[in-house]
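Residues 7 to 326 (this note's numbering) make up the sequence shown, in order. Built from N, CA and C at the ideal position, the CB exists for glycine as well. Worksheet: the structure to be examined is printed underneath.
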Amino acid sequence: MNILITGGAGFIGSHLCKRFLSEGHSVICLDNFITGSRKNVESVLENDKFKLIEHDISNPIILDEDIDWVLHFASLASPVHYMKYPIKTLKSGLNGTHNCLGIAKAKNAKFFLASTSEVYGDPLVHPQTEDYWGNVNPVGIRSCYDESKRGAEALTYAYMRKHDVDVRVIRIFNTYGPNMQINDGRVVSNFIVQALNNEDLTIYGDGLQTRSFCYVDDLVAGIRKLMEVDYKQPLNLGNPGEYTVADLAKMIIELIGANSKIKFELLPQDDPKRRRPDITKVKAMLGWEPQVPVQEGIKKTAEWFAEQLKIKKEKKEKVK
Ligand code: UDP
């Protein structure tokens, strides 16, 4: 297959590029490198079946190749980043999705949208099922992300109905693992990097808000399975294990054996209080459920971050 992946040099996109190449498929990776990094795809740059194009998918692009799948994973997904670049975030969710759907329509390709648990906002239904319509503040500081993904879903289903594009939509719940940036700003990477540096862990608010954390290999396995199945409605992909942010902090300090303490900071506006995926549907449709326990995933991720911090330190010393 010929697979186009937007955000292919990003956290999840880079894992997908490698997975498809390892299966013998051809990959066109689009990235504008705002949060993606060339380093994430360095190991496949020499592969004949890999093509890297620096491009912002918010702008149209004409591609010569035949394409079987368009996977739209380009987005600023960390609150720190999307709040810094709210308009770019909206454009990637709205214009980017529109451009990807246009490519899918023109090439007669299937379209795969990386949507998010954020479409549920600060949910009033717990755990979140796919038929819940969500509780999103349309003008709050998270709306650039939430509403762009809700708009992306709406565009996707408009193209399905109007132009018969074959679509898949996943709602990704907090995912973590290697290839996240050191400065990603999300809770797992922040806590791991802080613990590795023996710095205090920054809990926003009282730390009683909950999240459910999925290791990236599990997510990629779910994505791959959905491509094999004809199911067009949105599916939650996430690990249903639910932790408070305070418990996550304790767990990471213990697993890393750090001397870090906890530092409490202000809770950002509209921060969802509880989040856990109901995965009944995806289990039934794909026979998928996460395999990697959070302790194991965190250990692997911590090892990877430790290596990145070492490389960074060595580079700094060389410059001196
Ligand atoms: N959070 C925190 N400390 C951090 C980063 C995040 O306490 O250094 C909290 C954040 O307020 C939220 C949760 O951890 O309640 C998850 O935040 P993240 O940015 O990972 O993603 P979200 O699920 O909010 O999109």
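| Query | Result |
| --- | --- |
| According to DSSP, is Lys326 helix, strand or coil? | coil |
| What are the boundary residues of the alpha helix (DSSP H) that Phe17 is part of? | 17-28 |
| On the three-state DSSP scale, how would you describe Pro92? | helix |
| Between the alpha carbons of Pro144 and Met89, how many angstroms are there, rounded? | 14 Å |
| So the alpha helix (DSSP H) Phe197 belongs to, where does it begin and stop? | 193-202 |
| Identify whether Gly99 lies in helix, strand or coil by the three-state DSSP scheme. | helix |
| Is Glu153 helix, strand or coil by DSSP? | helix |
| Taking its Cβ as the centre, do 16 or more other Cβ atoms sit within 10 Å of Val325, making it buried, or is it exposed? | exposed |
| My understanding is that Thr208 touches Asn196, with C-beta atoms under 8 Å, so please give their C-beta distance in whole angstroms. | 6 Å |
| In the DSSP assignment, find the unbroken beta strand (DSSP E) run with Ile59 in it and report its ends. | 56-60 |
| Please give me, in chain order, every unbroken run of the beta strand (DSSP E) with length at least 3 that falls completely inside the stretch 242-312. | 248-250, 268-271 |
| Reducing DSSP to helix, strand and coil, say where Asn141 ends up. | strand |
| Nearer than 7 Å: is that true of the beta carbon of Leu273 relative to any heavy atom of the ligand UDP? | yes |
| So what's Asn8 in DSSP terms, helix, strand or just coil? | strand |
| Counting C-beta neighbours from all protein chains within 10 Å, is the total for Thr286 16 or more, i.e. buried, or is it exposed? | exposed |
| Is the beta carbon of Met257 less than 8 Å from the beta carbon of Phe118? | no |
| Hey, would you say the C-beta of Val193 is under 7 Å away from at least one heavy atom of the ligand UDP? | yes |
| Closer than 6 Å by C-beta to Glu271: which residues in its own chain qualify, once you throw out the five before and the five after it? Chain order, please. | Thr208, Tyr210 |
| Heavy atom of the ligand UDP less than 7 Å from the Cβ of Asp236, yes or no? | no |
| I think Thr181 touches Gly102, with their Cβ atoms under 8 Å apart; what is that distance to the nearest whole Å? | The pair is not a contact, with the Cβ atoms about 19 Å apart (cut-off 8 Å). |
| Can you grab the Cα-Cα spacing for the pair Glu60 / Lys94, in whole Å? | 16 Å |
| Please identify the residue among Tyr151, Thr307, Leu241 whose C-alpha is closest to the C-alpha of Gly288. | What sits at residue 288 in the sequence shown is Val, not Gly. Here the closest residue by C-alpha is Leu241. |
| Between Cys35, Cys106, His31, which lies nearest to Asn65 when the distance is taken from Cα to Cα? | Cys106 |
| Among the candidates Leu22, Asp128, Glu323, Phe179, whose CA atom is the shortest distance from the CA of Gly140? | Asp128 |
| With burial defined as no fewer than 16 other Cβ atoms inside 10 Å of the residue's Cβ, what is the status of Asp212: buried or exposed? | exposed |
| Look up Phe39 in the DSSP assignment and give the residues it is bridged to. | Partner(s): none; Phe39 has no beta bridge. |
| What does DSSP give as the partner residue(s) for Ile34 in the beta ladder? | Leu10, Lys57 |
| Under 8 Å by Cβ, that's how I've got Ile109 and Val76 pegged, so tell me the actual separation to the nearest angstrom. | 5 Å |
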